[in-house]
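Following my numbering, the residues of the sequence shown are numbered contiguously, the last one being 429.
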Amino acid sequence: MRGPLPLLLGLSFAALVPATAAAAPLLLISIDGLRPADVLDADRRGLKIPVLRRFVAEGAYARGVVGVLPTLTYPSHTTLITGVSPARHGVVNNLTFDPTGINQTGWYWYAEDIRVPTLWTAAKRAGLSTANVHWPVSVGAAIDHNLPQIWRTGHEDDRKLLRVLSSPGLLDRLEREAGRYAQGIDETVAGDANRTAFAVRMIADYKPGFTTVYLAGLDHVEHEHGPGSAEAHAALEAIDGMVGTLVKAATAADPDTIAAVVSDHGFASVERDVNLFKAFTEAGLITIDGGKVKSWEAMPWFAGGSAAVVLARREDSALRAKVAALLARLRADPALGIAELFDPTGIAERGGGGEADFWIGFKPGTEAGRKSDAPLVAPAASKGMHGYDPALPEMRSTFLILGRGLPWKGDLGEIDMRRIAPTLAKLMGADLPSAELPPIGSPAR
């Protein structure tokens, strides 16, 4: 993908992976949008997060995780659970490509879109039971006790949908014991607290060998108030307590449990939207009628701090040349904040999906606007964004791990996100040979 693999600092191969390391139950917690420096520099930033700081003091941690293209929630979480880039696993954006809007803002919810084995399937092959609460791209996954992530409108009918898509009888039983489960569309810290309570109940009742839990609230607040804001700090402090509750429940179920905390991407502050719809409409590539797309020749596929561009006819060389010329003109305008343009070869080199014909990378501070009737440049709709080039330091994500049988301790340096899944598979006595990179501490293949 992006040159040589990041080095693991200060740790020998022998110290990293002892040959006699025993398999252990694994709890995998994702805190969406958690920046590594918020944990590593917590004291200087005034953050009171004793649980996450314990991972650093007693376990092992990466100083940063280099993510995938694009640095969005769904592609990144699928890499975290598979160990491969979006080009191979197939989840290449948050939203499915839907140029005329008929899918009502449909996300990549369905595990059947994942083209490679996952940690859930690896755990089951190793004879472990599995549980999940709200992990992205988990609808229909082969998980024993599954509360997948899905929503449509937030209407009460969404509860019926989730009940049908969860493991049979699971939601009804848990709601009798723990109250109403949060709506899938609820990305607040309060929603995280609710799901934490359900995860605790599942861990206590089923004692799974591999559990995944996804917490969305920090990302939600960072979009609304910006990374590093007082509101984001308060959200992370509350989530820190939830992590402590989950770890306590898991170690009560089995004292040998290893707990890992990951995130999917970093965050950057934003000031402006660049509305590619405007430019494509003026170039005659999109026709808008009544605020909706009537027809299209080339369509932006928004990814926060970047955007793919898809051609209606890939074989049409004249269309490709027209779009390339438009993008070159846009990049030449410094007011638009376009840092880079990639053709399919450049996208493939970075592990991006083959569905895109071009890729537009914005500079931090600029995001892709989404409104069909907005001006080309407008004040940003949010205060924080991700989706930028994974090589940018602002996009580094988090990896922390703790457990009494952990085979390493301390600073792991900077790691590639694709190494996390095979590492976790090895720790729970499973194997993920489809991963693109070897486990942390193993020699390069």
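No residue lacks a Cβ here, since even glycine has one placed at the ideal position from N, Cα and C.
Next on the checklist: Starting from Asn178, trace the alpha helix (DSSP H) in both directions and tell me its first and last residue.
Outcome noted: Residue 178 sits at position 194 when you count from the first residue of the sequence shown. Unbroken alpha helix (DSSP H) run through Asn178: 173 to 190.
Checklist entry - Going by C-alpha distance, which of Thr102, Phe251, Thr196, Pro328 is nearest Gly368? => result What you label residue 368 is simply residue 384 of the sequence shown in a count that begins at 1. Closest option to Gly368, Cα to Cα, is Phe251.
Item to check | Closest Cα partner of Ile441 within the set Leu154, Glu42, Leu145 | outcome: This structure gives no information on residue 441, because the portion of the chain shown stretches from -15 to 429.
Next on the checklist: Using 8 angstroms as the cut-off, can you tell me whether the stretch 345 to 362 makes contact with the stretch 239 to 246, which would need three or more C-beta pairs spanning the two stretches below that distance?
Outcome noted: no
Item to check | CB of Arg380 within 8 angstroms of CB of Pro20, strictly | outcome: Counting from 1 along the sequence shown, the entry for residue 380 is found at position 396. Counting from 1 along the sequence shown, the entry for residue 20 is found at position 36. For Arg380 and Pro20, yes; Cβs fall inside 8 angstroms.
Next on the checklist: Can you tell me whether Val231 is buried or exposed? The criterion is at least 16 other CB atoms within 10 Å of its CB, across all chains shown.
Outcome noted: Locating residue 231 in the sequence shown gives position 247, counting from the first residue. When all chains shown are included, Val231 counts as buried.
Item to check | DSSP three-state assignment for Ile65, whether helix, strand or coil | outcome: Start at 1 with the first residue of the sequence shown, and residue 65 comes out as number 81. Correct three-state label for Ile65: helix.
Next on the checklist: Output needed for Pro417: all residues of its chain with C-beta closer than 6 angstroms, excluding positions within five of it in sequence on either side, in chain order.
Outcome noted: Looking up residue 417 in the sequence shown gives position 433. Nothing meets the Cβ criterion.
Next on the checklist: Taking DSSP's pairing of strands, which residues face Asp97 in a bridge?
Outcome noted: Start at 1 with the first residue of the sequence shown, and residue 97 comes out as number 113. According to DSSP, Asp97 bridges with nothing at all.
Checklist entry - Is DSSP giving Ile424 helix, strand or coil here? => result The count along the sequence shown starts at 1 and reaches residue 424 at position 440. In this structure, Ile424 counts as coil in the three-state DSSP scheme.
Checklist entry - Closest Cβ-Cβ distance between Leu158 and chain B: below 8 angstroms? => result Of the protein chains in this structure there is only one, and it is not chain B.
Item to check | 8 angstroms Cβ cutoff met for Leu390 and Ala44 | outcome: One-based indexing of the sequence shown puts residue 390 at position 406. One-based indexing of the sequence shown puts residue 44 at position 60. Taking 8 angstroms as the Cβ cut-off, Leu390 and Ala44 qualify as a contacting pair.
Checklist entry - With a Cβ-Cβ cutoff of 8 angstroms, do Ile424 and Arg403 count as a contact? => result Sequence index remark: in the sequence shown, residue 424 carries index 440 (1-based). Sequence index remark: in the sequence shown, residue 403 carries index 419 (1-based). Yes; because the gap between Cβ atoms is below 8 angstroms, this pair is in contact.
Next on the checklist: Report the CB separation of Leu295 from Asp224 in whole angstroms; it is logged as a contact under 8 angstroms.
Outcome noted: Mapped onto the sequence shown, residue 295 falls at position 311. Mapped onto the sequence shown, residue 224 falls at position 240. 46 angstroms between Cβ atoms; not a contact.
Checklist entry - Whole-angstrom Cβ separation of Ile134 and Val123, contact assumed at under 8 angstroms? => result For this step, residue 134 is matched to residue 150 along the sequence shown. For this step, residue 123 is matched to residue 139 along the sequence shown. Indeed, because the Cβ distance is near 5 angstroms, the residues count as touching under 8 angstroms.
Checklist entry - Using a Cβ-Cβ cut-off of 6 angstroms (strictly less than) and excluding sequence neighbours within five positions of Tyr198, which residues of its own chain qualify? => result For this step, residue 198 is matched to residue 214 along the sequence shown. Taken in chain order, the residues that qualify are Ser14, His118, Trp119.
Item to check | Whole runs of the alpha helix (DSSP H) within the stretch 245 to 293, excluding any shorter than 4 residues | outcome: 260 to 266
Next on the checklist: Taking the beta carbon of Pro(-12) as the centre, do at least 16 other beta carbons fall within 10 Å, making it buried, or is it exposed?
Outcome noted: Here residue -12 corresponds to residue number 4 of the sequence shown, with the count starting at 1. Confidence at Pro(-12) is low in this model, with a pLDDT of 33, below 50, so the placement of that residue should be treated as unreliable; the coordinate-derived value is given next. Exposed is the call here.
Item to check | Reduced DSSP category for Thr229 - H, G, I as helix; E, B as strand; rest coil | outcome: As a working note, residue 229 is residue 245 in the sequence shown. Of the three classes helix, strand and coil, the one that applies to Thr229 here is helix, per DSSP.
Checklist entry - When the Cα atoms are used, what is the spatial distance from Ala8 to Leu260? => result Reading the sequence shown from its first residue, position 24 is the one you call residue 8. Reading the sequence shown from its first residue, position 276 is the one you call residue 260. Computed Cα separation, rounded: 49 angstroms.
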